[in-house]
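Note sheet for the following structure.
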Amino acid sequence: MSSEDEIQMDDSDSDQGDLDDECLSDDDGIALESHDQNNSEYRENAVPDNEVLNHDSLEIEMKKTIADVQAVLQTKGGMCRILLHKYKWNKESLLERFYENPDTTTFLIDAQVIPRHTESVPAGDSECDICCIVGPLSGLACNHRACTACWKSYLTNKIVDAGQSEIECMAANCKLLIEDEKVMTYITDPNVIASYRRLIVASYVETNRLLKWCPGVDCGKAVKVSHCEPRLVVCSCGSRFCFSCSNDWHEPVNCRLLKLWMKKCSDDSETSNWINANTKECPKCMITIEKDGGCNHMTCKNTACRFEFCWMCLGPWEPHGSSWYNCNRFDDSVAKTARDAQEVSRANLQRYLFYYNRYMGHQQSLRLEGKLYATVKSKMEQMQTLSMSWIEVQFLRKAVDVLSECRRTLMFTYAFAFYLQRDNNSIIFETNQKDLEMETEQLSGFLERDLDSENLVTLKQKVQDKYRYVEHRRKILLDHCAEGAEQDIWMFNE
0 MSSEDEIQMD DSDSDQGDLD DECLSDDDGI ALESHDQNNS EYRENAVPDN
50 EVLNHDSLEI EMKKTIADVQ AVLQTKGGMC RILLHKYKWN KESLLERFYE
100 NPDTTTFLID AQVIPRHTES VPAGDSECDI CCIVGPLSGL ACNHRACTAC
150 WKSYLTNKIV DAGQSEIECM AANCKLLIED EKVMTYITDP NVIASYRRLI
200 VASYVETNRL LKWCPGVDCG KAVKVSHCEP RLVVCSCGSR FCFSCSNDWH
250 EPVNCRLLKL WMKKCSDDSE TSNWINANTK ECPKCMITIE KDGGCNHMTC
300 KNTACRFEFC WMCLGPWEPH GSSWYNCNRF DDSVAKTARD AQEVSRANLQ
350 RYLFYYNRYM GHQQSLRLEG KLYATVKSKM EQMQTLSMSW IEVQFLRKAV
400 DVLSECRRTL MFTYAFAFYL QRDNNSIIFE TNQKDLEMET EQLSGFLERD
450 LDSENLVTLK QKVQDKYRYV EHRRKILLDH CAEGAEQDIW MFNE
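Per numbering that gives the first Met the number 0, residue 0 is the first one in the sequence shown, and the count goes up by one each step.
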């Protein structure tokens, strides 16, 4: 069905509906949850296909990847982890580069995992360059050495205080990273070891293009996808978010525009619009002036200027004489330019507030309608005491779920529309937006006011018909937006 056909529906339709083991030890089991999905781009209509992994699962997955690389390179697991970190945990890319010149030593040198040149060091005890105490020294392949106590102190500080899992040699200007096996020879405190393991897992997630931390409060889990793109992912804690930007799922607006919109809404970007709409600049010295009285005869407060002008037309005051109210006839080019700039600023502010207020209105409704779950739960329990089974009353919860998703979609349609250029396609979009908004309000009103006014059979039929139709209108809007993105028909003013 084309977008044009979709918005020209019969009126009757509105009433229908549808690392080394010492460093990273294995734990028994793997806590992993899977969400199966048909592949789709930037759509929410399909069920997410991401996996949800806790800390232990992440550690096991990371160790498996390290072991795969270690089997090919035949080197320490810690060095393999450093390599994988450099390649953002893209095992295929790392091995492809290795096979171009399959010499492990050369590969490690080129990747700056081991030094190209080393200096010989004297045997026996020496003075530590850090604490100046004579004793046995140890160090890395770069032969920068220190005593065990200094290494321990340095590594502990980097782990506990700096929160680093990729730690460079303590020697000045030496960029060699310390492999995990070496770290574990110096660190003995179990709390520091546990912190190091957590940091390694965190680094694994943060540099892996296929993993993202769940933004849910106190969740601590990560989601894994099979390919990286803007897409809906769902955590076992219930959080639904965009894999690309980690914000709440925001279809139909894309991540780039959402970032611009959120910045515009949250920072001081609109302060300048307020200043432009509520103040004016002196036409002579351009200093900003706010009117604090009723008289339109303004005198610039800049002592080096003191220019007298009319607040209404921004022209010089002298020609106004006693008939200042006729200043609409004054059309000096400087004053006209100033007035035009003022009007553009006011119009831009009004346009922004139009979309912002509707965006925030749906956001507020989404929060308030969260209370509907308690009301619906009570109604479901009441219905079960009468004649309906648990399965038969789930339509009420489904209706609230649909309502919440429609509110969220409508909220982000206003961010989408704010940047959208006006053309025939934008008119179709606004028509679909209007239809969804109208039907969503009807569903909301029914769930808030009419649950007790119908008999159970009629209630179930009406609720199901309404939420199915609302869900259908939402699909039409999102399909149109997705088709427009695929065909590159949307034009945005950024």
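Where a beta carbon is used, it is the ideal one built from N, C-alpha and C, also for glycine. Bear in mind the structure is a predicted one, so any value in this text is a computation, not a measurement.
Beta-bridge analysis with DSSP links Ser377 to no other residue. Excluding five sequence positions before and after Ile177, the CB atoms of its chain that fall closer than 6 Å to its own CB belong to Ile166, given in chain order.
Contact annotation: Ala110 and Cys127 have beta-carbon atoms that are not nearer than 7 Å. Close CB contacts of Pro214 within its chain, under the 7 Å cut and outside five residues either way in sequence, are with Ser238, Phe240 and Ser245 (chain order). Straight through space, the alpha carbons of Arg350 and Trp310 are spaced by roughly 24 Å. Sequence-distant partners of Thr147 (beyond 5 residues in either direction) whose C-beta falls short of 8 Å from its own C-beta, in its chain, are Pro135, Ser137 and Tyr185. Gly369 is classed as exposed because its beta carbon has fewer than 16 other beta carbons within 10 Å across all chains shown. In chain order, Gln163 and Ile166 place their CB closer than 6 Å to the CB of Lys157, counting only its own chain and leaving out the 5 sequence neighbours on each side.
Within the model, the alpha-carbon separation for Glu447 versus Glu429 is close to 27 Å. DSSP places Met297 within a strand segment (E or B) once states are collapsed to three. For Lys223, the enclosing beta strand (DSSP E) stretches over residues Ala221 to Lys223. Around the beta carbon of Asn424, 16 or more other beta carbons lie within 10 angstroms, which makes this residue buried.
When only Cα atoms are considered, Arg345 and Cys168 end up about 58 Å apart. Considered as a whole, the segment 366-445 harbours 371-385 and 393-418 as its complete alpha helix (DSSP H) runs of no fewer than 4 residues, in chain order. Beta-bridge pairing by DSSP links Ser125 to Gly134.
Looking from the CA of Asp102, the closest CA among Val456, Asp124 and Gln73 belongs to Gln73.
Taking 4 residues as the shortest admissible run, the segment 181-260 contains the following complete alpha helix (DSSP H) segments, listed from N- to C-terminal end: 189-206. Following the DSSP letters along the chain, one finds Phe491 in no alpha helix (DSSP H), marked with neither H nor E. Val216 and Asn347 have their alpha carbons spaced roughly 37 Å apart.
The segment 249-261 makes contact with the segment 407-426, as at least three CB pairs between them are under 8 Å. Excluding five sequence positions before and after Tyr98, none of the CB atoms of its chain fall closer than 6 Å to its own CB.
If you ignore the 5 residues before and after Val68, its C-beta comes within less than 8 Å of the C-beta of Cys79, Leu82, Leu83, Lys90, Leu93 and Leu94, all in its own chain and listed in chain order. Taking C-beta separations shorter than 7 Å and ignoring five residues to either side along the sequence, the partners of Asp124 in its chain run Val133, Gly134 and Pro135, following chain order. The closest CA to that of Tyr354, considering only Asp464, Ile199 and Leu409, is found on Leu409. Within its own chain, the residues whose Cβ lies closer than 6 Å to the Cβ of Ile129, once the five positions on either side in sequence are excluded, are Ala145 and Cys149, listed in chain order.
In this structure Arg407 is buried. Its beta-carbon is surrounded by 16 or more other beta-carbon atoms within 10 angstroms. For Leu52, the enclosing beta strand (DSSP E) stretches over residues Glu50 to Leu52.
The beta-carbon separation of Ala140 and Ile113, rounded to 5 Å, stays under the 8 Å limit for a contact.
For the options Ser243, Lys465, Asp449 and Cys234, the alpha carbon positioned closest to that of Asn53 is the one of Cys234. Contact between Leu442 and Lys465 is confirmed by a C-beta separation of about 5 Å, below the 8 Å threshold.
Residue state for Glu178 is assigned as coil, using DSSP reduced to three classes.
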